[in-house]
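As structure tokens, the structure follows; a few thoughts come after it.
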Amino acid sequence: MEKKPDLLVIGALVEEGVKIATQAKQLGYKGHLTGGNGLNSPKFIELAGPAGDGVIVGAAYYLHDTRGGNPAFVERYKKKFGKEPDQFAAQAYAAAQIIAAAIKGGATTSAHFCSFFGNMKPLMTVLGPVSFATSRDVRAGSAILEVSKGAFVPFK
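Right under this line is the structure:
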């Protein structure tokens, strides 16, 4: 930290990311900390505690998004599992929403599913609108979040 960088990018999953953020704060680091989807988990906030405040993450999912039935999904998830869903639970749920739409659209074979996905208009899911490019890559929004007072909030 003697070079005093303005930005420290954390390319790690939760456990390692917590260690890096905590050690950086312990060493007196004053710059910005940022990371990707690996830090977008309630577990990061739980384990990092105050050292997590100010960490900025790129995220595929925002817990407090109000689109696509997300509030109801969060409530059911908390009731069943006793904790808030992370992005991986939300992505799995969004996949189920897409499969259900394909089935409702008449898909019964792999060819039907491929055709449905290839022609699918943006479908509202707990992640927000999702569609597929002709390359078969998923098209979905993302969020930039910041840890503030023990919660993820939209980055301003």
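So the mapping is simple: our numbering equals the position in the sequence shown, first residue as 1, plus 22. Here a beta-carbon is modelled for each residue, glycine too, at the ideal position from N, C-alpha and C. Just so you know, these numbers come straight off a predicted model, no measurement behind them.
Beta-carbon gap between residue i and residue j smaller than 8 Å
| i | j | result |
| --- | --- | --- |
| P144 | S157 | no |
| A34 | G60 | yes |
| G53 | G80 | no |
| Y84 | F177 | no |
| V148 | N62 | no |
| L69 | V40 | yes |
| G150 | G74 | no |
| K105 | P64 | yes |
Backbone secondary structure at residue i - three-state DSSP
| i | result |
| --- | --- |
| V77 | coil |
| T56 | strand |
| G71 | helix |
| T130 | coil |
| F177 | coil |
| E24 | coil |
| L149 | coil |
| S137 | helix |
| A124 | helix |
| L167 | strand |
| A34 | coil |
| L61 | helix |
| A162 | strand |
Cβ neighbour criterion (16 or more within 10 Å) applied to residue i
| i | result |
| --- | --- |
| V77 | buried |
| Q48 | exposed |
| G71 | exposed |
| P107 | buried |
| F6 | Residue 6 lies beyond the stretch modelled for the chain, which goes from 23 to 178, so this question has no answer here. |
| A43 | buried |
| L167 | buried |
| F138 | buried |
| A155 | exposed |
| A133 | exposed |
Whole-angstrom distance between residue j and residue i, CA atom to CA atom
| i | j | result |
| --- | --- | --- |
| L55 | G127 | 44 Å |
| I125 | A82 | 25 Å |
| R98 | F66 | 22 Å |
| A114 | I121 | 11 Å |
| S186 | F110 | In this structure the chain extends from 23 to 178, so residue 186 is not present and cannot be described. |
| C136 | A118 | 15 Å |
| R161 | A112 | 15 Å |
| M142 | T88 | 22 Å |
| K246 | T131 | The structure shown has nothing for residue 246, since the chain only spans 23 to 178. |
| A129 | V96 | 28 Å |
Segments of 3+ residues assigned as beta strand (DSSP E) that fall wholly inside the stretch 85–118
none
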